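Colleague: Numbering (my numbering), first residue to last: 69 to 425.
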Ligand SMILES: [Cu+2]
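(1) Helix, strand or coil, according to DSSP, for residue 219 in the structure here?
(2) Indicate whether the contact test is met: 3 or more Cβ pairs, each with one atom in the segment 139-152 and one in the segment 115-128, closer than 8 angstroms.
(3) Is the beta carbon of residue 232 sitting closer than 8 angstroms to the one on residue 289?
(4) Does the Cβ of residue 258 have 16 or more other Cβ atoms within 10 Å, making it buried, or fewer, making it exposed?
(5) Using a Cβ-Cβ cutoff of less than 7 angstroms, which residues in the same chain neighbour residue 393 once the five nearest sequence positions on both sides are dropped?
(6) Can you pull the DSSP bridge partners for residue 117?
(7) Is residue 253 near ligand 1, with its Cβ less than 7 angstroms from a heavy atom?
(8) Return the Cβ separation of residue 242 and residue 268 in integer angstroms, given the expectation that the two are a contact with Cβ distance under 8 angstroms.
(9) Among 421, 307 and 210, which has the Cα closest to the Cα of residue 348?
(10) Return the chain-ordered ranges of every beta strand (DSSP E) run that is complete within the segment 131-161 and spans a minimum of 3 residues.
(11) Span of the beta strand (DSSP E) holding residue 364?
(12) Am I right that residue 255 and residue 206 are in contact with their C-beta atoms under 8 angstroms? What's the rounded C-beta distance?
(13) If you drop the 5 nearest sequence neighbours on each side, which residues of the same chain put their C-beta closer than 8 angstroms to that of residue 157?
(14) Evaluate residue 109 with the Cβ neighbour count: other Cβ atoms within 10 Å of its Cβ, from every protein chain shown; 16 or more gives buried, anything less gives exposed.
(15) With a threshold of 16 other CB atoms inside 10 Å of the CB of residue 72, please say whether the residue is buried or exposed.
(16) Tell me the rounded alpha-carbon separation between residue 217 and residue 198.
(17) If you scan the segment 271-322 from start to end, which runs of the beta strand (DSSP E) of 3 or more residues do you find wholly inside it?
(18) Mapping the DSSP letters down to three states, classify residue 415 as helix, strand or coil.
(19) In angstroms, rounded to a whole number, what distance separates the CA positions of residue 190 and residue 151?
(20) Can you tell me whether residue 419 is buried or exposed, with buried defined as 16 or more other CB within 10 angstroms of its CB?
(21) Name, in chain order, the residues that DSSP records as bridge partners for residue 241.
(22) What I want to know is whether the C-beta of residue 217 ends up closer than 7 angstroms to one or more non-hydrogen atoms of ligand 1.
(23) Answer yes or no: do residue 282 and residue 417 have a C-beta to C-beta separation smaller than 8 angstroms?
(24) Go ahead and pull the three-state DSSP assignment for residue 381.
This is how it looks when you write it as structure tokens:
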């Protein structure tokens, strides 16, 4: 009579079968754990080019012939591998701003720079944390950021909330005088950066009459990922208010609604709006410079605060600084932080809401 061997017997009576079964189970487990982690490979080729912003031609470097560089978008946990090919006449590097990179290579490797006509593949790393991040050139950074070598690096969370629409905006600032040779300092010099006179949002210069139009339907929830790769603090104001959900990729535990936000250099903020009644709603932009040391000193020395100490010294100067301080404080109450702001608020984005969802 033919003997029937049960699974039970296979597993527990035959050592060879037991080992095979264990190995199979282990392989299955491995497959399940890595099934969702994809390896994502990106190649960026740097070339030289020009772009025109507000009538000024800027010499720039571009990743894959686009400005800003192409968006990297991966899922949390993916394995990311980036190759940098340098087809320009200057040296360049690659930095992943906001991401954890492999601690074995980490900063040292991000300090590997690629000479003209060479290429280098950076050590792979796991995409985390989730959030809105950036990548940019790491060689002679102030100048190379001022010449367009940056892009968005989005890591989508495993449990990413769903929105009807999403927009990614990178703000930056440029100095037209430097580019025209009207100052001797050169792009990326600290003094010329403070004097930057052109704001860009993605590839577009903000002129006040060319806001980016975001089309939406009433009731839609819209996520905007805002990043500042420039050198100046950029302020965005939207009278209807927005919910700030993330800062530098991290979830804000108690999100609150605000009608303006200042995004400092290198920072990222995710905001969410819900499209209300049909119509066009404008977002305004201004550069929100902090008070200068001189302005702060004038406040400290104002006769209202320290009259006793200063009444014998330069009464006329005290009077003048008192006047200036009053002006600054008055403007601050209007929503700015100094005299640079109020006059420079320009439309930057328009939300164009049509009928029902
Ligand atoms: Cu570079």
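Beta carbons: idealized from backbone N, C-alpha and C, even for Gly.
No experiment lies behind these values; they were computed from the predicted model shown.
Modeller: Quick look at the numbers:
(1) Judged by DSSP in its simplified three-state form, residue 219 adopts strand.
(2) A contact between stretches requires three or more CB pairs, one per stretch, nearer than 8 angstroms, and the segment 139-152 fails this requirement with the segment 115-128.
(3) The answer is yes: Cβ separation under 8 angstroms.
(4) With fewer than 16 other Cβ atoms within 10 Å, it is exposed.
(5) Note that residue 393 scores a pLDDT of 34, beneath 50, so its modelled location is shaky and nothing firm can be said.
(6) Per DSSP, the beta-bridge partners of residue 117 are 128.
(7) Because no heavy atom of ligand 1 lies under 7 angstroms away, the Cβ of residue 253 does not count as near it: no.
(8) Approximately 7 angstroms separates the beta-carbon atoms of residue 242 and residue 268; this is inside 8 angstroms, confirming the contact.
(9) That would be 421, whose Cα lies nearest to the Cα of residue 348.
(10) Unbroken beta strand (DSSP E) stretches of 3 residues or longer found wholly inside the segment 131-161: 140-143 and 147-154, given in chain order.
(11) No beta strand (DSSP E) holds residue 364; the alpha helix (DSSP H) holding it covers 361-368.
(12) In fact, because the Cβ distance is near 16 angstroms, the residues do not count as touching under 8 angstroms.
(13) 116 and 184, listed in sequence order.
(14) Looking at its Cβ environment, which holds fewer than 16 other Cβ atoms inside 10 Å, residue 109 is exposed.
(15) Note that residue 72 scores a pLDDT of 46, beneath 50, so its modelled location is shaky and nothing firm can be said.
(16) For residue 217 and residue 198, the distance between alpha carbons rounds to 22 angstroms.
(17) Segments of the beta strand (DSSP E) lying fully in the segment 271-322: 280-286, 289-296 and 302-315.
(18) Assignment of residue 415 by DSSP, reduced to helix, strand and coil, places it in the strand class.
(19) The straight-line gap from Cα to Cα measures roughly 6 angstroms.
(20) Burial check for residue 419: the Cβ neighbour count within 10 Å reaches 16 or more, so the residue is buried.
(21) Per the DSSP secondary-structure output, residue 241 pairs in a beta bridge with 267.
(22) At least one heavy atom of ligand 1 is nearer than 7 angstroms to the Cβ of residue 217, so yes.
(23) Yes; because the gap between Cβ atoms is below 8 angstroms, this pair is in contact.
(24) At residue 381 the pLDDT is 38, less than 50, meaning the model places this residue with poor confidence; the figure from the coordinates comes in the next sentence. Three-state result, residue 381: coil.
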